[in-house]
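The structure appears right after this line, and notes come after that.
In this note's numbering, the protein residues as written are 22 to 337.
Here it is in structure tokens:
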């Protein structure tokens with residue numbers, strides 16, 4: 022009986038080792054520290070298009086401080102054009118990143134970043150190097166390139182939710198950047214690995230430049246929020262949305278880039294949405310108030326998350 026017990030134990034251990042080898046466990050996020058609160062909730066703030074540069078005043082940072090204090094999130098996501106590289110040299114860009122980090126790091130909130138088209142436009146910093154700069158901060162849970170972030174169950178055992186962070190590039194084909202075919206392949210492989218480990222793991226995907234499918238949803242009447250400008254979408258369609266439908270794990274895609282849009286809609290069962298432009302030095306229509314998007318996840322029903330826009334009322 023004891024021999025049989027040890028045989029079963031060895032067999033189970035070998036299976037686990039094989040699975041971890043198959044899924045490339047070492048490629049998972051380096052700081053797996055996020056988990057649902059004891060009450061089963063998890064809150065995310067999406068800041069987008071901060072457009073920080075040496076000419077920026079303090080209003081954008083004031084907004085971040087105010088919203089972080091009022092919402093008290095578990096995680097902050099920055100979805101690109103965090104630094105406006107058109108107006109920075111490399112040392113100035115590093116200073117802007119430091120300024121961005123302070124409201125989050127000082128509150129000991131975990132955070133993650135993806136880049137936009139302006140982050141490295143003229144500041145002399147490569148995209149991989151900029152991502153390394155962000156990942157060096159204590160509470161940053163990101164990594165270089167495309168990556169995913171697991172959110173553990175409230176008891177700390179196993180994962181209950183997943184976030185994909187994708188780099189949608191800068192400029193290509195005479196237009197804006199786009200998600201490359203190899204990135205779609207990375208997503209498909211990662212989603213399959215997560216299914217092997219966790220069976221069903223609902224996810225949200227974040228990047229900067231909208232998919233071409235955003236133009237389809239905005240032409241319908243089924244949108245919630247503001248649509249004040251034509252979508253400036255990716256210059257090529259390499260099938261990411263088709264891959265999302267196929268894998269059926271991503272429940273929502275959220276971007277930035279178009280400063281006057283903050284709507285959400287749904288296509289083939291997947292929410293396509295925008296954050297709310299955060300930076301005061303980003304273009305916008307007159308009197309367009311800045312803010313952030315808030316997400317509230319529920320461990321008991323993680324596929325059905327709540328989301329809303331938080332507007333910052335600037336008193337100046």
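Don't be surprised by glycine CBs; every beta carbon is placed ideally from N, CA and C.
C-beta atoms of residue i and residue j nearer than 9 angstroms
{"i": "residue 146", "j": "residue 177", "result": "no"}
{"i": "residue 130", "j": "residue 316", "result": "no"}
{"i": "residue 154", "j": "residue 234", "result": "no"}
{"i": "residue 104", "j": "residue 73", "result": "yes"}
{"i": "residue 140", "j": "residue 101", "result": "yes"}
{"i": "residue 344", "j": "residue 88", "result": "Lying before the first or after the last residue shown, residue 344 is absent from the chain, which here runs from 22 to 337."}
{"i": "residue 61", "j": "residue 224", "result": "no"}
{"i": "residue 215", "j": "residue 55", "result": "no"}
{"i": "residue 254", "j": "residue 236", "result": "yes"}
{"i": "residue 70", "j": "residue 109", "result": "no"}
{"i": "residue 185", "j": "residue 227", "result": "yes"}
{"i": "residue 313", "j": "residue 327", "result": "no"}
{"i": "residue 151", "j": "residue 118", "result": "yes"}
{"i": "residue 299", "j": "residue 84", "result": "yes"}
{"i": "residue 232", "j": "residue 268", "result": "no"}
{"i": "residue 190", "j": "residue 173", "result": "no"}
Limits of the beta strand (DSSP E) - the one that residue i falls within
{"i": "residue 131", "result": "131-135"}
{"i": "residue 332", "result": "327-332"}
{"i": "residue 272", "result": "271-276"}
{"i": "residue 286", "result": "285-288"}
{"i": "residue 67", "result": "62-68"}
{"i": "residue 225", "result": "224-227"}
{"i": "residue 316", "result": "312-319"}
{"i": "residue 242", "result": "Run containing residue 242: none; DSSP gives neither H nor E here."}
{"i": "residue 294", "result": "291-295"}
Residue i versus residue j: straight-line alpha-carbon distance, rounded
{"i": "residue 230", "j": "residue 275", "result": "9 angstroms"}
{"i": "residue 309", "j": "residue 303", "result": "11 angstroms"}
{"i": "residue 287", "j": "residue 159", "result": "36 angstroms"}
{"i": "residue 301", "j": "residue 218", "result": "43 angstroms"}
{"i": "residue 209", "j": "residue 270", "result": "10 angstroms"}
{"i": "residue 248", "j": "residue 306", "result": "12 angstroms"}
{"i": "residue 311", "j": "residue 284", "result": "14 angstroms"}
{"i": "residue 196", "j": "residue 222", "result": "34 angstroms"}
{"i": "residue 238", "j": "residue 272", "result": "16 angstroms"}
{"i": "residue 80", "j": "residue 258", "result": "36 angstroms"}
{"i": "residue 220", "j": "residue 211", "result": "13 angstroms"}
{"i": "residue 334", "j": "residue 242", "result": "29 angstroms"}
{"i": "residue 75", "j": "residue 188", "result": "25 angstroms"}
{"i": "residue 323", "j": "residue 291", "result": "14 angstroms"}
{"i": "residue 206", "j": "residue 252", "result": "25 angstroms"}
{"i": "residue 37", "j": "residue 91", "result": "Note that residue 37 scores 39 on pLDDT, short of 50, meaning its location in the model is unreliable and no value can be drawn from it."}
{"i": "residue 280", "j": "residue 250", "result": "8 angstroms"}
{"i": "residue 86", "j": "residue 167", "result": "28 angstroms"}
{"i": "residue 63", "j": "residue 94", "result": "8 angstroms"}
{"i": "residue 142", "j": "residue 126", "result": "26 angstroms"}
{"i": "residue 42", "j": "residue 244", "result": "Summary for residue 42: the model assigns pLDDT 35, below 50, so the residue's position carries little reliability; its value from the coordinates is reported in the next sentence. If I take the Cα positions, the gap works out to 43 angstroms."}
{"i": "residue 148", "j": "residue 157", "result": "15 angstroms"}
{"i": "residue 265", "j": "residue 198", "result": "19 angstroms"}
{"i": "residue 120", "j": "residue 256", "result": "32 angstroms"}
{"i": "residue 82", "j": "residue 296", "result": "17 angstroms"}
{"i": "residue 325", "j": "residue 213", "result": "21 angstroms"}
{"i": "residue 133", "j": "residue 183", "result": "13 angstroms"}
{"i": "residue 282", "j": "residue 246", "result": "8 angstroms"}
Alpha helix (DSSP H) segment containing residue i, residue limits
{"i": "residue 236", "result": "235-239"}
{"i": "residue 265", "result": "261-268"}
Burial state of residue i (16 or more Cβ within 10 Å)
{"i": "residue 329", "result": "exposed"}
{"i": "residue 320", "result": "buried"}
{"i": "residue 204", "result": "buried"}
{"i": "residue 278", "result": "buried"}
{"i": "residue 124", "result": "buried"}
{"i": "residue 263", "result": "exposed"}
{"i": "residue 164", "result": "buried"}
{"i": "residue 137", "result": "buried"}
{"i": "residue 169", "result": "buried"}
{"i": "residue 59", "result": "exposed"}
{"i": "residue 30", "result": "Because residue 30 carries a pLDDT of 41, less than 50, the predicted location of this residue cannot be relied on, and no value is offered for it."}
{"i": "residue 194", "result": "exposed"}
{"i": "residue 289", "result": "exposed"}
{"i": "residue 181", "result": "buried"}
{"i": "residue 122", "result": "buried"}
{"i": "residue 77", "result": "buried"}
Subject >> beta strand (DSSP E) runs wholly inside the stretch 157-209, at least 3 long, in chain order >> reply: As far as the stretch 157-209 is concerned, its whole beta strand (DSSP E) runs of at least 3 residues are 168-173, 180-186.
Subject >> Contiguous beta strand (DSSP E) assignments of at least 3 residues, all confined to the stretch 93-151 >> reply: For the stretch 93-151, whole beta strand (DSSP E) runs of length 3 or above, ordered along the chain, are 96-100, 131-135.
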